[in-house]
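In our numbering, the protein residues as written are 155 to 471.
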Amino acid sequence: MSDKFIGQTLADKYKIEEVLREGDSGKIYRGTHLSMEKPVTVKILSPILASDEKVVKQFSSEARTISRITHPNILNVTDFGSDKNGAVYLVLEDSTGETLKDALAREGKFTVGRAVKIAVQTAIALSAVHTNSLIHGHLSSENILLKDTAGEFESVKVMDIGAVSAEENNLSVDPASAVSAKNLNYSSPEQNASNAEIDERSDIYSLGVILYEMLAGEVPFVAETSAELIKKQAENPPLPLSAFRTDLPANLETVVLRALARNPEMRYQTASELARDLNNVSSGNFNEQVVNIPQYTKPIENTNNNLWKTAFVVLAG
């Protein structure tokens, strides 16, 4: 089916060329800034959401805030507004590259070094977002962009920050079912619970899922509904990463499990703390005392089985 925006000029400035992907709140296009002759990424809010004054106001407010964040690991916002035909849009820098989701589908598990470097860059980006009183809210492997660089590993660009979700803005939808299906398996326990408060620690959980996925080749829990995911998160620990590979430093498992703690109080409290411990693991300077495993857990021993038995207490906390 043809797209009415393809080939059109938006707001007399942006030539819309092709659909890159479709999100919960609208489509994302590749385009060109005509006067600057520069490639851009354009997100156009779906017509249903664009007709809702409350949603447009939220979209504009978040766009204004996000536009103030300039960071090398974030797909930066360069413009936003609406055109004469009522299209509400957000313009970002060029998003040429491959999503982490597509890279994982093509390659399977990543090397430990590559996974850690991607996770560190993502955590640093999240820290910048959280410092500006925003949360991502929909972090998954699909909205992490990998861009080639001259170095050994690629550069990360986090996309879709503060995305407006059609489900979340539908007042008839129960909060426990508000997470979109494609992001469900990356969502934190509190995102799927009624009347729960969501903060930056929810993003940390989602990054824990992504790090697990890069190391194991699959997410820790797979579910079709929020209720099913809540049950799995509450009753079962993830399979040990040692079941998927033999080259994993035991301390890295500790970090992953803390990020995946079911209770937000047991997780890393900031993304910068998570980035720090990941850097320490990769440099060999990791200190288990820094991780601050809750006192009610058993002492961690350097065996995979004992580590995961201990970690389940954290996950179920």
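Glycine included, each C-beta is placed from N, C-alpha and C at the ideal position. Since we're looking at a predicted model, the values are computed, not measured.
- DSSP places E247 inside the beta strand (DSSP E), whose first and last residues are V242 to E247.
- Under DSSP, the beta-bridge partners assigned to T186 are K169 and P193.
- The alpha carbon of A277 has as its nearest neighbour, out of V376, I364 and G316, the alpha carbon of I364.
- Separation of Q162 and I202 (C-alpha to C-alpha, rounded to the nearest whole angstrom) is 20 Å.
- Counting of Cβ neighbours within 10 angstroms places S360 among the buried residues, the total reaching 16 or more.
- Between the region 240 to 260 and the region 389 to 403 there are fewer than three inter-stretch CB-CB distances shorter than 8 Å, so the stretches are not counted as touching.
- Taking 9 Å as the cut-off, the Cβ atoms of A165 and D237 count as close.
- The DSSP-derived three-state label of S236 is strand.
- By the C-beta density criterion, I160 is exposed, having fewer than 16 other C-beta atoms within 10 angstroms.
- By the neighbour-count criterion, in which 16 or more other beta carbons inside 10 Å mark a residue as buried, D401 falls on the exposed side.
- With contacts defined by Cβ atoms closer than 9 Å, V231 and V245 form a contacting pair.
- Nearest to E407 by C-alpha distance, out of A425, V435, R416 and A381, is V435.
- Take V274, set aside five residues on each side of it, and the residues of its chain with a beta-carbon closer than 7 Å to its own are A429, L432 and N433, in chain order.
- Three or more Cβ pairs closer than 8 Å define a contact, and the region 217 to 229 meets that threshold against the region 307 to 318.
- Residue pairing by DSSP places R175 opposite I182 in a beta bridge.
- Put simply, the backbone Cα of E354 is about 31 Å away from that of A241.
- For L188, the closest alpha carbon among the candidates S205, G177, I170 and K197 is that of I170.
- Distance from the Cα of A388 is smallest, within the candidate group Y366, L414 and A404, for L414.
- If you ignore the 5 residues before and after S200, its C-beta comes within less than 8 Å of the C-beta of S179, G180, K181 and A320, all in its own chain and listed in chain order.
- E216 places its beta carbon 9 Å or farther from that of L280.
- Per DSSP, the unbroken beta strand (DSSP E) holding V312 starts and ends at S309 to V312.
- A distance below 9 Å separates the beta carbons of L383 and S341.
- In this structure, the CA atom of S348 is about 11 Å from the CA atom of A381.
- Distance check between E296 and each of E261, M313, V283 and H290 places M313 closest, using alpha-carbon atoms only.
- DSSP places L299 within a strand segment (E or B) once states are collapsed to three.
- R416: not part of any alpha helix (DSSP H); DSSP gives it neither H nor E.
- In summary, A259 is exposed, with fewer than 16 beta-carbon neighbours lying within 10 Å of its beta-carbon over all protein chains present.
- By the CB criterion at 9 Å, S221 and D206 fall outside the cutoff.
- Non-local beta-carbon contacts of L299 in its own chain, meaning distances under 8 Å to residues more than five positions away in sequence, involve L229, S249, G251, E252, T253, L254, V310, K311, V312 and M313 in chain order.
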